[in-house]
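Peer 1: The structure is given below, and queries will be raised subsequently.
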Amino acid sequence: MTLGAMTALPVSISSLNKYYGSFRATDNVSLEIAAGEFLTLLGPSGSGKTTLLMMMAGFARPSGGSIRFGGREVVHLPPHRRDIGMVFQNYALFPHMSVGENIAYPLRVRGTGKAECGERVLKALDMVQLSGYQDRRITQLSGGQRQRIALARAIVFEPRILLMDEPLSALDKQLHETMQIEIRRLHDRLGMTTVSVTHDQRKALTMSDRIAVFSRGKLAQVAGPSDLYEKPASRFVAEFIGESSFLPLTKTAGGLAYGGRPLMLAEAGDAGIADPLLMLRPERLQLARPGETAGEANIFHGTARHIVFQGDSLLIEVRLEGGDTVQMRLPNGSRQKDAIPAAGEAVALMLDRRDTHVVRGEA
Amino acid sequence: MAAVTASQLADNERALAADERRESRQLFQLAIPALVIVTILMVAPIGWLFSLSFVGEDGGLSVENFTRIVTDGAYVSIFANTFQVALLVTLVCVLLGYPVAYVLTILPDRWSRLVMLAVLVPFWTSLLVRTYAWLVLLQRRGIVNTGLDALGLIDRPLPLVHNMTGVVIGMVHIMLPFLIMPLFSSMKAIDGNLMRAAANLGSSPSHAFFRVFLPLSVPRLIAGTMMVFVMCLGFYITPALLGGGKVQMIAQRIEASLSLYPTWGPASALAVVLLALTGGFLLLSFAIVRRLTAGR
């Protein structure tokens with residue numbers, strides 16, 4: 004066998020609970036992960052995402068529920084019988100072994116012969132672009148290299164499921180992007196089902212097919228990256244994925260209104276949402292020129308308060324007539340130069356109808 | 057602002073170098089009291105001991121004290137005996153101490169503190185008190201023998217004291233904390249994720265222990281073992297009391313030499329030989345540990 008495309012296994016989690024005393028670390032979580040999917044568990048610390056990963060790996064015993072890998076119940080299996088790869092937060096490379104010995108470890112445990120071991124170690128090293136590193140000590144490696152070795156060790160025995168616990172958190176910011184792309188590339192090439200945990204929404208958006216957002220032990224929403232960004236189900240999800248401001252809306256006979264003015268909605272059905280809030284992504288707001296007709300857009304009047312230079316863009320804080328504060332982002336370019344308002348200047352903000360999304364106030 | 061001239065930069069460089077020299081001088085001055093104390097209490101006495109060992113029976117310079125040690129079979133056997141006891145005690149300490157240290161690392165904090173207390177309380181108790189306590193416990197009609205008898209496990213008292221068994225029991229009890237404490241701290245420092253990683257990669261718990269945990273704890277185990285061994289070499293009270301004269305260790309012989317010979321030469325020579333052997337063992341252990349941790 005070589006490191007070619009693997010047959011992936013679907014993961015099925017149903018009614019999974021984990022209690023620590025009266026604290027519900029995961030609370031009745033059900034989640035279907037398709038074979039070959041890249042799913043990211045996202046949430047603030049203590050939201051239950053890591054607990055879920057640990058239960059999948061077998062390091063935490065659920066209080067109840069079921070975890071199935073391709074139809075096979077695994078909740079009772081000890082970690083060493085689950086046959087899944089895992090990349091640990093701090094990589095957990097064995098410091099008393101060389102790079103090659105680390106990668107060969109899962110093969111040796113499985114009784115693979117010396118010659119085949121060596122061959123597959125070289126192949127795995129090649130895969131993470133560290134050919135020729137097999138005799139290095141772990142301490143001689145940089146953070147990015149350790150990350151790659153940890154990946155190589157996790158995939159060398161061709162597990163059909165790969166778990167990653169905050170795989171990038173120990174790396175420099177500059178390395179994040181390259182590693183994200185690399186991990187994704189490796190996943191696409193090998194095709195194993197991958198479940199990754201992160202608290203960084205940006206990483207989740209870059210790498211995943213779908214993202215499962217956790218809040219206080221419960222699943223808040225499961226969706227693809229763009230759906231999650233464009234149509235979050237609740238204020239919690241909207242705040243966690245990207246930046247946004249929220250405006251309280253009132254229900255009227257015809258739909259929803261802010262400050263007495265009716266709103267044009269992207270989806271008319273949004274009018275039925277309980278405790279409705281208007282979600283304003285800073286980059287979706289535009290400055291309206293004086294006298295410009297709204298057309299298919301909602302207009303909000305207010306006063307510019309602060310203008311913050313952020314390099315690629317300007318962040319403008321606007322206090323609306325209704326008293327709420329919202330943020331808008333203006334791309335930094337010569338074309339916009341004249342439009343930049345001064346602090347204290349009256350401005351009109353324009354939100355396209357198609358960007359007018361309403362979210363639930365409660366999580 | 058006026059530009060800085062080359063001569064101003066050179067002046068600064070000189071002044072900074074002078075500052076640095078002054079600072080290291082001051083740091084050295086701070087260490088002087090400690091250095092004086094170490095010299096008076098450690099270096100001078102050992103030097104004196106060393107010179108005394110070359111004083112013959114007639115008061116003149118001589119190596120007779122050393123030739124006696126090498127040629128007299130009694131001395132050789134006492135040295136052999138000393139190393140044998142130290143080795144046995146160290147071995148028992150490792151066999152008992154390693155599991156205890158391991159349990160300490162995996163217990164929840166509350167329990168681990170409790171067990172640690174159980175390790176430390178004897179450590180804080182006077183050595184003399186503990187040795188006499190063992191004398192009481194292990195004697196023919198001591199609590200151990202009467203207990204075993206009451207349980208019907210033995211029909212005549214076991215010879216637990218006034219012999220090698222008693223000496224080993226007493227010394228192990230005294231030395232165990234010296235092994236457990238450094239081992240515990242080094243085991244605590246082993247990343248728990250390493251054992252998880254081993255399990256995830258397919259190792260059963262025992263396989264993971266022998267392939268990952270044990271190798272990672274071995275350097276400190278050797279260091280702790282050598283410390284226990286070296287400390288055992290100099291034991292005096294415990295073997296004297298619990299050995300009942302049947303177990304002769306070098307410290308007892310040194311004491312005997314002091315009363316036997318008119319000069320301090322023979323006793324000093326024994327101490328010097330013991331010191332040299334101990335130093336040799338320490339160097340050996342450092343070399344082994346350095347080899348094992350090379351590249352980490």
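Chains as they are written, first to last, in this note's numbering: chain A, 4 to 366; chain B, 57 to 352.
The C-beta atom is built at its ideal place from N, Cα and C for all residues, glycine as well.
Applying a beta-carbon distance threshold of less than 8 Å, which residues of chain A neighbour residue 247/B?
Peer 2: As a position in the second sequence, residue 247/B is number 191, starting the count at 1. Taking a Cβ-Cβ threshold of 8 Å, the residues of chain A close to residue 247/B are 93, 95, in chain order.
Peer 1: Can you give me the start and stop residues for the beta strand (DSSP E) that residue 304/A sits inside?
Peer 2: As a position in the first sequence, residue 304/A is number 301, starting the count at 1. That run of the beta strand (DSSP E) goes 300-312.
Peer 1: Which word fits residue 108/A, buried or exposed, when buried means at least 16 other C-beta atoms lie within 10 angstroms of its C-beta?
Peer 2: Taking the first sequence and counting its residues from 1, one reaches residue 108/A at position 105. When all chains shown are included, residue 108/A counts as buried.
Peer 1: Against chain B, with Cβ distances strictly below 9 Å, would residue 232/A count as a contact?
Peer 2: By 1-based counting over the first sequence, the position of residue 232/A is 229. So, not an interface residue.
Peer 1: Pick from 173/A, 52/A, 147/A: whose alpha carbon is nearest that of residue 133/A?
Peer 2: As a first step, residue 133/A must be located in the first sequence, where it is residue number 130. That would be 147/A, whose Cα lies nearest to the Cα of residue 133/A.
Peer 1: Any chance the stretch 220-236 of chain A sits against the stretch 205-212 of chain A, with 3 or more Cβ pairs inside 8 Å?
Peer 2: yes
Peer 1: By DSSP, does residue 334/A sit in helix, in strand, or in coil?
Peer 2: Within the first sequence, numbered from 1, the residue matching residue 334/A stands at position 331. Of the three classes helix, strand and coil, the one that applies to residue 334/A here is strand, per DSSP.
Peer 1: Chain B partners of residue 82/A, CB-CB under 8 Å?
Peer 2: Reading the first sequence from its first residue, position 79 is the one you call residue 82/A. Within 8 Å Cβ-Cβ: 252, 255, 256.
Peer 1: Output, in chain order, the set of chain A residues within a Cβ distance shorter than 9 Å of residue 263/B.
Peer 2: For this step, residue 263/B is matched to residue 207 along the second sequence. What residue 263/B touches in chain A: 83, 112.
Peer 1: Along chain A, in chain order, which residues have C-beta atoms closer than 8 Å to that of residue 164/B?
Peer 2: Within the second sequence, numbered from 1, the residue matching residue 164/B stands at position 108. Result: empty, since nearest Cβ-Cβ is about 13 Å, beyond 8 Å.
Peer 1: Which runs of the alpha helix (DSSP H) spanning at least 4 residues fall entirely within the stretch 160-213 of chain A, listed in chain order?
Peer 2: Restricting attention to alpha helix (DSSP H) runs no shorter than 4 residues, the stretch 160-213 of chain A encloses them at 176-193, 204-210, ordered along the chain.
Peer 1: With residue 55/A and residue 90/A assumed to form a contact (beta carbons below 8 Å), what rounded beta-carbon distance in angstroms separates them?
Peer 2: One-based indexing of the first sequence puts residue 55/A at position 52. One-based indexing of the first sequence puts residue 90/A at position 87. Contact doesn't hold; Cβ gap of about 16 Å is too wide.
Peer 1: Residues of chain B with CB closer than 9 Å to the CB of residue 89/A, please, in chain order.
Peer 2: As a first step, residue 89/A is located in the first sequence; it is residue number 86 there, counting from the start. The answer, in chain order, is 252, 253, 256, 257.
Peer 1: Can you list, in chain order, the residues of its chain with a C-beta nearer than 8 Å to that of residue 287/B? Leave out the 5 residues immediately preceding and following it.
Peer 2: Indexing the second sequence from 1 puts residue 287/B at position 231. Counting only Cβ-Cβ distances below 8 Å, and skipping sequence neighbours, we find 231, 234.
Peer 1: For residue 160/A, which of 116/A, 261/A, 317/A has the nearest alpha-carbon?
Peer 2: Along the first sequence, one-based indexing puts residue 160/A at 157. Per the Cα distances, 116/A.
Peer 1: Kindly identify the DSSP beta-bridge partner or partners of residue 290/A.
Peer 2: Taking the first residue of the first sequence as position 1, residue 290/A is located at position 287. Residue 290/A is bridged to 352/A.
Peer 1: Please list the partners that residue 108/A has in chain B, where partner means a Cβ-to-Cβ separation under 7 Å.
Peer 2: As a working note, residue 108/A is residue 105 in the first sequence. One finds 257 in chain B with Cβ atoms closer than 7 Å to the Cβ of residue 108/A, taken in chain order.
Peer 1: Use the C-beta contact count for residue 248/A: other C-beta atoms within 10 angstroms, 16 or more gives buried, fewer gives exposed.
Peer 2: Along the first sequence, read from residue 1 onward, the residue named residue 248/A stands at position 245. Burial check for residue 248/A: the Cβ neighbour count within 10 Å reaches 16 or more, so the residue is buried.
Peer 1: Would you mind telling me which residues of chain B sit closer than 7 Å to residue 62/A, beta carbon to beta carbon, in chain order?
Peer 2: For the purposes of this step, residue 62/A is taken as residue 59 along the first sequence, with counting starting at 1. Simply 252.
Peer 1: Identify whether residue 4/A lies in helix, strand or coil by the three-state DSSP scheme.
Peer 2: In the first sequence, counting from the first residue as 1, residue 4/A sits at position 1. Note that residue 4/A has pLDDT 44, beneath the 50 cutoff, so the model's placement of it is unreliable and no number is given.
Peer 1: Taking Cβ-Cβ distances below 7 Å as the criterion, which residues of the stretch 324-350 of chain B are in contact with chain A?
Peer 2: none
Peer 1: With a threshold of 6 Å on Cβ separation, who are the neighbours of residue 306/A within its own chain once the five nearest residues in sequence on each side are excluded?
Peer 2: For the purposes of this step, residue 306/A is identified with residue 303 of the first sequence, where counting begins at 1. Closer than 6 Å at the Cβ level, and outside the excluded window around residue 306/A, lie 322, 349.
Peer 1: Should residue 246/A go down as buried or exposed, given a rule of 16 or more other Cβ atoms within 10 Å for buried?
Peer 2: Taking the first sequence and counting its residues from 1, the one referred to as residue 246/A is at position 243. Exposed: under 16 other Cβ atoms inside 10 Å.
Peer 1: Compute the Euclidean distance between the alpha carbons of residue 209/B and residue 171/B, then round it to the nearest angstrom.
Peer 2: Position 153 of the second sequence, counted from the start, is the residue given in the question as residue 209/B. Position 115 of the second sequence, counted from the start, is the residue given in the question as residue 171/B. About 29 Å.
Peer 1: Tell me where the alpha helix (DSSP H) around residue 147/A begins and ends.
Peer 2: Here residue 147/A refers to the residue found at position 144 of the first sequence. That run of the alpha helix (DSSP H) goes 146-158.
Peer 1: Can you tell which of 309/B, 174/B, 271/B, 239/B has the C-alpha that lies nearest to the C-alpha of residue 251/B?
Peer 2: The sequence position of residue 251/B within the second sequence is 195, counting from 1. Closest option to residue 251/B, judged by alpha-carbon separation, among 309/B, 174/B, 271/B, 239/B: 271/B.
Peer 1: Could you list which residues in chain A have their beta carbon closer than 8 Å to that of residue 271/B, in chain order?
Peer 2: Working through the second sequence from its first residue, we reach residue 271/B at position 215. Result: 99.
Peer 1: Hey, does residue 26/A have any beta-carbon neighbour from chain B nearer than 9 Å?
Peer 2: On the first sequence, position 23 is the one that residue 26/A refers to. No, residue 26/A lies away from the interface with chain B (no Cβ there is under 9 Å from its Cβ).
Peer 1: Any beta carbon from chain B within less than 9 Å of residue 156/A's own beta carbon?
Peer 2: The residue given as residue 156/A occupies position 153 in the first sequence. Yes - at least one Cβ of chain B is within 9 Å of the one on residue 156/A.
Peer 1: Could you tell me the alpha carbon to alpha carbon distance between residue 328/A and residue 267/A, rounded to whole angstroms?
Peer 2: Looking up residue 328/A in the first sequence gives position 325. Looking up residue 267/A in the first sequence gives position 264. Near 20 Å, if we compare the C-alpha coordinates of residue 267/A and residue 328/A.
Peer 1: Could you say which of 203/B, 92/B, 211/B, 338/B lies nearest to residue 285/B if we only look at CA atoms?
Peer 2: What you label residue 285/B is simply residue 229 of the second sequence in a count that begins at 1. Cα-wise, what sits closest to residue 285/B is 338/B.
Peer 1: Using a threshold of 9 Å, state whether the C-beta atoms of residue 325/A and residue 262/A are closer than that.
Peer 2: In the first sequence, residue 325/A corresponds to position 322, counting from 1. In the first sequence, residue 262/A corresponds to position 259, counting from 1. Yes; because the gap between Cβ atoms is below 9 Å, this pair is in contact.
Peer 1: What are the boundary residues of the beta strand (DSSP E) that includes residue 224/A?
Peer 2: Position 221 of the first sequence holds residue 224/A. From DSSP, the beta strand (DSSP E) with residue 224/A extends over 221-226.
Peer 1: Using a C-beta to C-beta distance shorter than 8 Å, which residues of chain A count as neighbours of residue 241/B?
Peer 2: One-based indexing of the second sequence puts residue 241/B at position 185. The contacting residues do not exist; residue 241/B stays about 17 Å from chain A at best.
Peer 1: Give the secondary structure of residue 364/A by DSSP, where H, G and I count as helix, E and B as strand, and everything else as coil.
Peer 2: Counting from one through the first sequence, the residue named residue 364/A turns up at place 361. In this structure, DSSP gives residue 364/A a state outside helix and strand, which the three-state scheme calls coil.
Peer 1: Is the stretch 241-249 of chain B touching the stretch 154-169 of chain B in the sense that three or more CB pairs, one from each, lie closer than 8 Å?
Peer 2: yes
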